[in-house]
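Down below is the structure, laid out as structure tokens.
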Amino acid sequence: MRSLNAAIAIGLAQVVAAEDWPQWRGPLGNGVSREKGLPLRWTEASVSWRATLGGAGVSSPVVLGDRVFVTSQRGAATQRPGSHPKLARGEGVTAEERPLASAGEGPTVFVVEAFQVSDGRRLWERRVPLEGEHAPLHEKHNLASPSPVTDGEHVFAWFGTGQLVALSARDGSLSWQRHLGKELGAFEIGWGHASSPALHGDLLYLLCYHEPASRLLAVDKRSGKTRWTVDRGKDVRSYSTPVVVSGPKGEELVVNSTDRIDAYDPRSGAHLWHAGSSHNFAVPVPAFHEGVLYASRGYRSGPYMAIQAGGRGDVNATHVRWEVPTGAPYVSSLLYYDGLLYMASDAGVVTCVDPSNGQKLWQERTGGIFSASPVAGDGKLYFSSETGEIFVFAPGREPRLLARNPVGGRIVASPAIAGGTLFLRTDEHLVAIAEK
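Under the numbering used here, the final residue of the sequence shown carries the number 425; numbering is consecutive throughout.
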């Protein structure tokens, strides 16, 4: 009995001590970690390790067990002509100042890498040659914008051409692959495809909302075969990522698009409900807490709203708790943490909102530029700036900046938290920071 109790205690300690970050926005898809002892202050010299990446991208790192996985683009992609969003440059930006679409010389390939969590040692690398044409991009992202997802056995990596690969998490060997750009039609969408794959149970969800055709797919993670498809017709666009939430009537797969916000049955693809109206650009992923979705629609100072899950059909009149017509970030997703909502804009403004009514509690201008979505854990809010800094705020109804930390590189990708460590992806490096 003493041996059994000891084994149980060790198992519980392992669960409490470390939590994985296997997908975009973390284990629950909400940007929140339940870990303790996360770093507060550091210098460039005190980071745990820094590993050189095989290419550029804005995909976030994902972590499971002793491995962290990152995707990149190597070689140049076509950049869209004319005016478009610009990356941070000049003072405070130490990475090479070039568009992310230009990632070295030679033919364009996609790179998937696995690193050792403890020391940043590269364990394996897999290269996937670009096949076919691709939509032109703006300089803030490239063909490696979608973040990978892992179940521990496989890493699923998706790229801006529609190429999708399932690789062994152990050694990077190929299990299966598909080219959805060839199967479904060209991935043509304003600034280029950016939606990440979402994994729930044995299904991988892929949002292909583009100008020529708009489809939501669920594929079997073991074989890559399509289980179900939702066809939305033409020109319903989205740069967002699907997320599965728990509603009062069961699980719901929620999608933010230019048409509206929709919820589907994750097992069958049956439509459940919709809210909101049409909008120019759909980028952020909704936050979720205790049956309520907190959704911003994207674009310049766009709307944000609270939606009670569990409705059916058009729920604008029945399940929308409140809506604010303007003020949300263009790209960055909302964060629900410790009873409050937080958001960060590309103008460097951090805002705290009361989730009960949508009213602003405070705003703080930081001097940063926030394209990455915020994450939180251990009583700390982390806001990553393109200027190569991490702003750490305390949660609360009054603004309190705890620290302003350098990273040594421009940051557009959102962070990951696992094993008491903050993982950051700059233009050129994967950086690990832990409390000393």
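Beta carbons: idealized from backbone N, C-alpha and C, even for Gly.
Excluding sequence positions up to five before and after Val138, its CB lies within less than 6 Å of the CB of Gln12, Phe145, Pro186, Leu188, all in the same chain and listed in chain order. Going by DSSP, Gly170 is part of the alpha helix (DSSP H) stretching over 169 to 173. Close CB contacts of Thr32 within its chain, under the 8 Å cut and outside five residues either way in sequence, are with Asn394, Pro395 (chain order).
Apart from the 5 residues on each side of it in sequence, Leu329 sits with its Cβ closer than 8 Å to the Cβ of Cys341, Val342, Asp343, Pro344, Leu350, Pro384, Gly385, Arg386 in its chain, given in chain order. Within the DSSP bridge table, the entry for Glu114 names Glu102 as partners. Around the beta carbon of Ser212, fewer than 16 other beta carbons lie within 10 angstroms, which makes this residue exposed.
By the CB criterion at 8 Å, Leu192 and Lys210 fall inside the cutoff. Taking 3 residues as the shortest admissible run, the region 242 to 326 contains the following complete beta strand (DSSP E) segments, listed from N- to C-terminal end: 250 to 253, 260 to 264, 276 to 278, 281 to 285, 291 to 297, 309 to 317, 324 to 326. Ranked by Cα distance from Glu417, the first of Asp160, Val208, Leu53, Ser61 is Ser61. Arg69 and Trp262 have their alpha carbons spaced roughly 36 Å apart.
Sorting Pro237, Arg256, Ser235, Ser266 by C-alpha distance to the C-alpha of Asp248 places Ser266 at the top. Around the beta carbon of Ala306, a 10 Å sphere encloses fewer than 16 other beta carbons of the protein chains shown; the residue is thus reported as exposed.
Arg204 sits buried, since 16 or more C-beta atoms from the chains shown fall within 10 Å of its C-beta. Counted as a single uninterrupted DSSP element, the beta strand (DSSP E) harbouring Ser61 occupies residues 56 to 65. By the Cβ criterion, the region 18 to 31 is not in contact with the region 235 to 254, since fewer than three pairs of Cβ atoms, one from each stretch, lie closer than 8 Å.
In this structure, the straight-line span from the alpha carbon of Leu169 to that of Val313 is close to 37 Å. With respect to Ala361, Ile406 sits apart: the two C-beta atoms are not nearer than 8 Å.
Taken in chain order, the complete beta strand (DSSP E) segments of 3 or more residues contained in the region 365 to 400 are 369 to 374, 378 to 382, 390 to 395. Under the DSSP assignment, Leu89 falls outside any beta strand (DSSP E); it carries neither an H nor an E label. Of all alpha-carbon atoms in Gly64, Val36, Val52, the one lying nearest the alpha-carbon of Ala45 is that of Gly64. Arg310 has its alpha-carbon roughly 12 Å from the corresponding atom of Gly280. Around the C-beta of Pro96, fewer than 16 other C-beta atoms lie within 10 Å, and the residue is accordingly described as exposed. In the structure shown, Glu33 adopts helical secondary structure according to DSSP, grouped into three states. By the Cβ criterion, the region 130 to 137 is in contact with the region 146 to 166, since at least three pairs of Cβ atoms, one from each stretch, lie closer than 8 Å.
The bridge partners DSSP lists for Tyr198 are Ser203. When Asp220, Asp251, Ala124, Leu195 are compared, the shortest CA-CA separation from Trp180 is found for Ala124. Distances from the CA of Pro255 to each of Val219, Arg110, Pro363, Arg14 were compared; the closest alpha carbon is that of Val219. Val144 sits in a strand when the DSSP states are folded into three classes.
Inter-residue distance for Asp9 and Ser35 is about 23 Å (C-alpha atoms, whole angstroms).
Taking the C-beta atoms as reference points, Lys369 is found nearer than 8 Å to Leu391. According to the DSSP assignment, Asp108 belongs to no beta strand (DSSP E), since it is labelled neither H nor E. When DSSP reads this structure, Ser212 sits in no beta bridge, so it has no partner.
Counting every other CB atom within 10 Å of its CB across the protein chains shown gives Thr410 a total of 16 or more, marking it as buried. Tyr319 and Ala271 do not touch by the CB rule: their CB atoms are close to 11 Å apart, not below 8 Å. DSSP lists Leu324, Cys341 as the bridge partner or partners of Tyr331. The residues His130, Ser134, Pro135, Tyr228, in chain order, have a CB closer than 7 Å to that of Ala183 in the same chain once the five nearest residues on each side in sequence are set aside.
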